[in-house]
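Peer 1: Okay, handing you the structure first.
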């Protein structure tokens, strides 16, 4: 197999890794370009998949420090770039761990980890690497790899809420959210929300968005009912699609992708609402739509 074919075979997995480590799809693509140049210039490699994983991980680790500095200066809440996950480009989403490690809520939690903790968590949770394999990727001993993963899991586990659910349960909740907001049914929307629900809006200073979190069922319900029934909302198109492995609200205005709203769930309630409006953050998802349309044409 030639170099390009080998890289292409590993590409979706490598992109899924880079995206989970960085939380930015465009940056993940840049990492893959750098990794390919190194791969093309490399000599014989005994295990290409392992070699590429190590290169991509290290490239991401080197970018995370500067990324954190940029995000500290970000205008308003910073959220990861949402990515449509119905085209398979983020690798397999067959297990709870694979899906959960991709969700916007968990990606936000991963921002609190050190780069090494984040890498250990992602490699273990999303890709099923054994501790010894994680150690090889990070050039550390196995005991240290276990420690990194344990710290990461404890920290992330303090905040995420798992629950058993029937198929389609979360999508049903999102559909009820859309219906209640569209009808201006504040009380109905409140019933879908946890009392301590928090809503974040990421406009990045590029578009109108709340610069501070909105807390509580009643304020969040009023916020989204108000948005859905604002005069500027006339003519918008609302759909529900898989974003980061979860059902999300996708809003188009005049044919352009305008807003993606992702959710955190606990039981029958929504505990987090994350709306991305920054057009820079929506560029990758918009390009996914354009690519899908061109394939169908």
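In full-length UniProt numbering, the protein residues as written are 1 to 297.
Glycine included, every Cβ here is placed at the ideal spot set by N, Cα and C.
None of these values were measured; they are calculated from a predicted model.
The beta strand (DSSP E) spanning residue 260 covers which residue range?
Peer 2: Sequence index remark: in the chain shown, residue 260 carries index 260 (1-based). Note, residue 260: beta strand (DSSP E), 256-266.
Peer 1: Give the list of continuous alpha helix (DSSP H) stretches no shorter than 4 residues that lie fully inside the stretch 41-110.
Peer 2: 48-72, 96-100 and 104-110
Peer 1: Express the C-alpha separation of residue 287 and residue 296 in angstroms, rounding to a whole number.
Peer 2: Position 296 of the chain shown, counting from 1, holds the residue named residue 296. Position 287 of the chain shown, counting from 1, holds the residue named residue 287. Their backbone Cα atoms lie some 14 Å apart in a straight line.
Peer 1: Can you list, in chain order, the residues of its chain with a C-beta nearer than 8 Å to that of residue 31? Leave out the 5 residues immediately preceding and following it.
Peer 2: Stepping through the chain shown from its first residue, residue 31 is reached at position 31. These residues qualify, in order along the chain: 18, 22, 56, 59, 60 and 63.
Peer 1: Could you work out which residue in 174, 115, 175 and 180 is closest to residue 148 when comparing CA atoms only?
Peer 2: Within the chain shown, the letter at position 148 stands for residue 148. For residue 148, the nearest C-alpha among the options comes from 115.
Peer 1: Apart from the five residues on each side of it in sequence, which residues of its chain come closer than 7 Å, Cβ to Cβ, to residue 181?
Peer 2: For this step, residue 181 is matched to residue 181 along the chain shown. These residues qualify, in order along the chain: 189, 224, 225 and 228.
Peer 1: Excluding five sequence neighbours on each side, which residues of the same chain lie with their C-beta closer than 7 Å to the C-beta of residue 97?
Peer 2: What you label residue 97 is simply residue 97 of the chain shown in a count that begins at 1. Excluding residues within five positions, the ones whose Cβ falls inside 7 Å are 125 and 126.
Peer 1: At the 9 Å Cβ level, is residue 30 part of the contact set with chain B, yes or no?
Peer 2: Of the chains in the structure shown, none is chain B; there is only one protein chain.
Peer 1: Bridge partners for residue 291 per DSSP, in chain order?
Peer 2: Along the chain shown, one-based indexing puts residue 291 at 291. For residue 291, which the question treats as bridged, DSSP gives no partner whatsoever.
Peer 1: Could you pull the start and end residues of the alpha helix (DSSP H) that residue 24 belongs to?
Peer 2: Translated into the one-based positions of the chain shown, residue 24 becomes position 24. That residue, residue 24, is in no alpha helix (DSSP H); it is neither H nor E in DSSP.
Peer 1: Check whether the Cβ atoms of residue 254 and residue 235 sit closer than 9 Å, and answer yes or no.
Peer 2: Looking up residue 254 in the chain shown gives position 254. Looking up residue 235 in the chain shown gives position 235. A contact, by the Cβ cut-off of 9 Å.
Peer 1: Please classify residue 230 as buried or exposed, where buried requires at least 16 other C-beta atoms within 10 Å of its C-beta.
Peer 2: To locate residue 230, count along the chain shown from 1; it is residue 230. The residue is exposed, with fewer than 16 neighbouring Cβ atoms inside 10 Å.
Peer 1: Rounded to whole angstroms, what is the Cα-Cα separation between residue 25 and residue 284?
Peer 2: Locating residue 25 in the chain shown gives position 25, where the first residue counts as 1. Locating residue 284 in the chain shown gives position 284, where the first residue counts as 1. One C-alpha to the other measures close to 7 Å.
Peer 1: Between the C-alpha atoms of residue 82 and residue 282, what's the straight-line distance to the nearest angstrom?
Peer 2: Your numbering for residue 82 matches position 82 in the chain shown. Your numbering for residue 282 matches position 282 in the chain shown. One C-alpha to the other measures close to 7 Å.
Peer 1: Can you give me the start and stop residues for the beta strand (DSSP E) that residue 274 sits inside?
Peer 2: For the purposes of this step, residue 274 is identified with residue 274 of the chain shown, where counting begins at 1. Per DSSP, residue 274 belongs to the beta strand (DSSP E) from 269-276.
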